[in-house]
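J.: Sending over a structure as structure tokens; questions will come in a sec.
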Amino acid sequence: MTWLAGHELRLGWRDWLSLMTAGRRRRGRTVTIALILFAAFMHLFAYWIVAGYANANVAPDTATLVGVTGTLLLSWSLLLSQAMESVTRAFYARSDLDLILSSPISARKVFAVRMSRIAGAAVIIAVLLAAPFIDVLALRGGARWFAAYGVVAAMGAVVTAAALALTILLFRLVGARRTRLIAQIVAAVIGAAFVIGLQVAAIFSSGSISRFAALQSDWILTHAPGPGSAFWWPAHAVLGDPRALLAVIVLSTALLGASIALFSRRFGEHAVAAAGVSSAVVRQRRWSSGFRRRSQARVLRQKEWALLRRDPWLISQTLMQILYLLPPALLLWITFRNGTDAFAVLIPVVVMAAGQLAGGLAWLSISGEDAPDLVATAPITPRRILWAKIEAVIGMIALVFAPIVAVLALEQFFAAFVAACGILAAAAGATLIQICFRTQARRSQFRRRQTSSRIATFAEAFSSIAWAATSALAASGTWFAVFPALIALGILAGVRLIAPAPTN
Amino acid sequence: MIQSSEPPVALALRKLTKCYDRPAVDALDLTVHGGEFYALVGPNGAGKTTTLRMVVGLLKPDAGTITINGIDALADPVAAKQITAWLSDEPMIYDKLTPFEYLEFVAGLWRIDAGEAQARAQELLGWLGLGPHAHERCEGFSKGMRQKVALAGALVHDPKLIILDEPLTGLDAGSARQVKNVLRERVAAGGTVIMTTHILDVAARMADRIGIIASGRLIAQGTLDELRKQTGAAASSLEDTFLTLVAEQVAHPVAAE
């Protein structure tokens, strides 16, 4: 078991390193500097968010406990989403599983070690994400806040246990053939559901989009358990109660150990079932029985749309970003009902979502080409191919966002016009970034696209934020909108300058 | 006036060069005639695939010229691509499309008349035994079936020059025979086929001429008999001939040219 754990640790380390450096070894020093700068930035960000709470004499009353527990649950749901992905991958990724399962070592031991590694990774991720906030709280409010590290580590253990239980349950309920897809969709939905749910609750309760407004609503506070309830132990532990901390750590470790022990007997069985999964034969119905006469650009556009339409996993991944539009859409509906003006909130959210969605679609269309040789050897210029793919992306963005803009136009035409311009600019910006950093990849690598170029990922996010700010300011009629627009254009110009030259 | 009986040139490479850390293709000269089945063989890393990828426009040469049926492929790549097909050893097709849709996509890219392309597609699917699977998504297909779909895609636009990189890798005996039959049909119909292979028996049995490439250079070419004469062993197999010529090139890189 020890050598296997060592092997797993080595693989995990190399995987992480490859994730950070996008597989380029020479980037080590650059990545270290970038990580230090990122950590410093996150600490500054954390200072801005939580410094005010650290010195306050935080009393463990119901309102505080609800706030802390809500924050923990929010992080927990996001971690659970990640852990489910990892557990599912452990069963389906065939990289070394065929070798290991054909060796004279018990599958139970192999998977027990592998699940422990996933738990370790979940704990590390949780601790790293929480560290800036905990450090700032401890710096300003005293060492008692360091207890939060224990709670965060316990969360890592509990999410792995829960992910394991959910995945095994799926194996039993729907079988190996469907588990992978359903687990991926469930993971994505879990990741988004809590965030969106709280926003929706906040909108209904207070007309605000703030998650914390919902957590502090009268309904929640009156229906929450009393401060002495075991439900609040994690929150008490975060606030520095050593007995609660001990209980949380012991319980979470026991839960993880029990789930590995309980489910490990089935691990080998499920892994073998997953290995035997082959794609079901899908007969495709067609609108027309013969070949259709179409232009080259149309052929390319329709291919992109067909591939996306027929891939539920990709749809779930790309539309997950659209799920985040649900709260602003709801806000829009409530605004119309109540007659209040919430465009300042709505437009930047829609523009931001358009930028993010366009980035994903542009990656799929431009980099995620599964038959690159075929397209590159076709008698069509690379420029025309690129334009056809851009048209495919813009077409999909138009399809998703046109209804929102149309509804907006019914209420206020100028706001709709600004939103449309913002959506177009954000989508074009994200697409341009993907063009500059295009690479050759398979569509199935979609989830790892953000690791292929950190610069592209950050540029895409900052460009979308800048266009969102431009739209918000433009909708309120101020000329200050020019400044974020210039920043966005500056980001795009910078991206063009530093983008790697295409290799050939 | 004397008329040349020499068939037209389908592919002419002159001083074709591509360097990475070292020269992958080193001032390569190669001529393949129309209606010819040409096999390019060589050890791993000899520069076969790099050469062919430059011919089909997937790699840009550092120097040299590529002429396909009289068209300068570097100056007018679109015209050259219109009459060329490329099939790599790893069939790249779209999992979510059916073979029928894949061929429709290829025909659209090559701007082939829809009716003509459909008739040819149905014929190819039948030849390759893909008829019953024409409307099933490719995601569940075996490697052999995927390779056959990709081959049908390469042939649906009726190319004059077909370039294949290890097309028989991973195919079972039945599928390999189907692919070989289809390629023979193309050559019989006047098409030109250039194929790389590690299976020397296939090269010996199928090709009109064989080119041996090593260290990015063409070290020998000709019919099997001509190659045997070069080594001085008239009764040797292509494998023996190949190993002798490659060994000579490794031992005396300049003298062997």
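Heads up: the sequence lines are chains Z and P, in that order.
The working numbering applies: residue 1 is where the first sequence begins, and numbers increase by one.
The working numbering applies: residue 1001 is where the second sequence begins, and numbers increase by one.
Backbone N, C-alpha and C fix where the C-beta goes; we use that ideal spot for every residue, glycine too.
Bear in mind that the values here come from a model prediction, so they are computed numbers and not experimental data.
Under 8 Å between the Cβ atoms of residue 544/Z and residue 471/Z?
T.: In the structure as shown, chain Z starts at 1 and stops at 504, and residue 544/Z therefore has no counterpart that could be examined.
J.: Counting only Cβ pairs nearer than 8 Å, list the residues of chain Z close to residue 1094/P.
T.: Position 94 of the second sequence, counted from the start, is the residue given in the question as residue 1094/P. Simply 303, 307, 370, 371.
J.: 8 Å is my cut-off, CB to CB: does residue 290/Z come that close to chain P?
T.: By 1-based counting over the first sequence, the position of residue 290/Z is 290. With 8 Å as the cut-off, residue 290/Z counts as an interface residue toward chain P.
J.: Tell me, please, whether the CB atom of residue 1001/P is closer than 8 Å to any CB atom in chain Z?
T.: As a first step, residue 1001/P is located in the second sequence; it is residue number 1 there, counting from the start. Note that residue 1001/P scores a pLDDT of 44, beneath 50, so its modelled location is shaky; the value from the coordinates is reported in the next line. Chain Z, which has no Cβ nearer than 8 Å to the Cβ of residue 1001/P, makes this no.
J.: So with CB distances below 9 Å, who are the chain Z contacts of residue 1097/P?
T.: For the purposes of this step, residue 1097/P is taken as the residue at position 97 of the second sequence. Neighbours of residue 1097/P on chain Z, chain order: 284, 303, 306, 307, 310.
J.: By Cβ distance, which residues of its chain are closer than 7 Å to residue 1257/P, with the 5 residues on each side in sequence left out?
T.: Taking the first residue of the second sequence as 1, we reach residue 1257/P at position 257. Unreliable placement is indicated for residue 1257/P, whose pLDDT of 44 sits below 50; the coordinate value is still reported in the next sentence. Counting only Cβ-Cβ distances below 7 Å, and skipping sequence neighbours, we find 1217, 1219.
J.: Residue range of the beta strand (DSSP E) that residue 1191/P falls in?
T.: Stepping through the second sequence from its first residue, residue 1191/P is reached at position 191. Per DSSP, residue 1191/P belongs to no beta strand (DSSP E) and is neither H nor E.
J.: If you draw a straight line from the C-alpha of residue 1091/P to the C-alpha of residue 1146/P, how long is it?
T.: For the purposes of this step, residue 1091/P is taken as residue 91 along the second sequence, with counting starting at 1. For the purposes of this step, residue 1146/P is taken as residue 146 along the second sequence, with counting starting at 1. Going by the C-alpha atoms only, they are around 6 Å apart.
J.: When you compare only the Cα positions, how much space is there between residue 1011/P and residue 1109/P?
T.: Locating residue 1011/P in the second sequence gives position 11, counting from the first residue. Locating residue 1109/P in the second sequence gives position 109, counting from the first residue. In a straight line, the C-alpha of residue 1011/P is about 23 Å away from that of residue 1109/P.
J.: Quick one: which residues of the segment 1183-1203 of chain P get their C-beta closer than 9 Å to a C-beta of chain Z? List them in chain order.
T.: Residues: none.
J.: Could you tell me which of 489/Z, 7/Z, 190/Z, 117/Z sits nearest to residue 76/Z, measuring between CA atoms?
T.: Position 76 of the first sequence, counted from the start, is the residue given in the question as residue 76/Z. Ranking the options by Cα distance to residue 76/Z, first place goes to 190/Z.
J.: Report the option in 463/Z, 444/Z, 413/Z whose CA atom is closest to the CA atom of residue 433/Z.
T.: For this step, residue 433/Z is matched to residue 433 along the first sequence. Closest by alpha carbon: 463/Z.
J.: Measure the CB-CB distance between residue 1165/P and residue 1049/P and report whether it falls below 8 Å.
T.: Counting from one through the second sequence, the residue named residue 1165/P turns up at place 165. Counting from one through the second sequence, the residue named residue 1049/P turns up at place 49. Cβ distance < 8 Å, so residue 1165/P and residue 1049/P count as in contact.
J.: If you follow the beta strand (DSSP E) that residue 146/Z is part of, which residue opens it and which one closes it?
T.: Sequence index remark: in the first sequence, residue 146/Z carries index 146 (1-based). Per DSSP, residue 146/Z belongs to no beta strand (DSSP E) and is neither H nor E.
J.: Whole-angstrom Cβ separation of residue 113/Z and residue 1/Z, contact assumed at under 8 Å?
T.: Within the first sequence, the letter at position 113 stands for residue 113/Z. Within the first sequence, the letter at position 1 stands for residue 1/Z. Yes, residue 113/Z and residue 1/Z are in contact; Cβ-Cβ is about 6 Å, under 8 Å.
J.: Tell me the residue span of the alpha helix (DSSP H) that contains residue 1146/P.
T.: Your numbering for residue 1146/P matches position 146 in the second sequence. Looking at the DSSP string, the run of the alpha helix (DSSP H) that includes residue 1146/P is 1143-1155.
J.: On a Cα-Cα basis, can you pick out the residue from 40/Z, 483/Z, 162/Z that is closest to residue 133/Z?
T.: Against the first sequence, residue 133/Z aligns to sequence position 133. Ranking the options by Cα distance to residue 133/Z, first place goes to 40/Z.
J.: Which runs of the alpha helix (DSSP H), 4 residues or longer, sit entirely within the segment 245-314 of chain Z?
T.: List check, alpha helix (DSSP H) in window: 296-309.
J.: Buried or exposed: residue 135/Z, going by 16 or more other Cβ atoms within 10 Å of its Cβ?
T.: Residue 135/Z sits at position 135 when you count from the first residue of the first sequence. Label assigned to residue 135/Z: buried.
J.: Can you find the residues in the same chain that come closer than 7 Å, C-beta to C-beta, to residue 1224/P, ignoring five residues on each side of it along the sequence?
T.: As a working note, residue 1224/P is residue 224 in the second sequence. So the qualifying residues of the chain are 1204, 1210, 1238.
J.: Can you tell which of 442/Z, 431/Z, 312/Z, 353/Z has the C-alpha that lies nearest to the C-alpha of residue 373/Z?
T.: The residue given as residue 373/Z occupies position 373 in the first sequence. Closest option to residue 373/Z, Cα to Cα, is 442/Z.
J.: Determine the closest residue to residue 62/Z out of 227/Z, 99/Z, 264/Z, 364/Z, with distance taken between C-alpha atoms.
T.: Within the first sequence, the letter at position 62 stands for residue 62/Z. Residue 227/Z is the option with its Cα nearest to residue 62/Z.
J.: Going along the chain, which residues of the segment 417-449 of chain Z sit with their C-beta nearer than 8 Å to a C-beta in chain P?
T.: Per Cβ criterion, the list is empty.
J.: Is the Cβ of residue 299/Z closer than 8 Å to any Cβ of chain P?
T.: Here residue 299/Z is taken as the residue at index 299 of the first sequence, counted from 1. Residue 299/Z counts as touching chain P.
J.: For the putative contact between residue 1081/P and residue 379/Z, defined by C-beta atoms under 8 Å, what is the C-beta separation to the nearest angstrom?
T.: Locating residue 1081/P in the second sequence gives position 81, counting from the first residue. Locating residue 379/Z in the first sequence gives position 379, counting from the first residue. Their Cβ separation, rounded to whole angstroms, is 4 Å, which keeps residue 1081/P and residue 379/Z in contact under 8 Å.
J.: Using only the alpha-carbon positions, how far apart do residue 293/Z and residue 1207/P sit?
T.: Position 293 of the first sequence holds residue 293/Z. Position 207 of the second sequence holds residue 1207/P. One C-alpha to the other measures close to 37 Å.
J.: Rounded to whole angstroms, what is the Cα-Cα separation between residue 1070/P and residue 1035/P?
T.: On the second sequence, position 70 is the one that residue 1070/P refers to. On the second sequence, position 35 is the one that residue 1035/P refers to. Approximately 15 Å, taken between the alpha carbons.
J.: Identify the residues that DSSP records as bridge partners of residue 1072/P: which are they?
T.: Start at 1 with the first residue of the second sequence, and residue 1072/P comes out as number 72. BP columns for residue 1072/P point to 1067/P.
J.: DSSP three-state call for residue 1256/P: helix, strand or coil?
T.: One-based indexing of the second sequence puts residue 1256/P at position 256. Interpretation of residue 1256/P is limited by its pLDDT of 44, a score under 50 that renders its predicted location unreliable; no figure is taken from the coordinates.
J.: For a test of the three-state rule: what should DSSP assign to residue 1001/P, helix, strand or coil?
T.: One-based indexing of the second sequence puts residue 1001/P at position 1. Low per-residue confidence applies at residue 1001/P: pLDDT is 44, beneath 50, and the placement is therefore not dependable, though the value from the model is reported in the following sentence. Residue 1001/P: coil per DSSP, three-state reduction.
J.: Quick check: the Cα distance between residue 60/Z and residue 161/Z, rounded to an integer number of angstroms?
T.: Locating residue 60/Z in the first sequence gives position 60, counting from the first residue. Locating residue 161/Z in the first sequence gives position 161, counting from the first residue. So the two alpha carbons sit approximately 28 Å from each other.
J.: Any contact of the segment 233-241 of chain Z with the segment 142-156 of chain Z, i.e. 3+ C-beta pairs under 8 Å?
T.: Contact holds: three or more Cβ-Cβ distances are below 8 Å.
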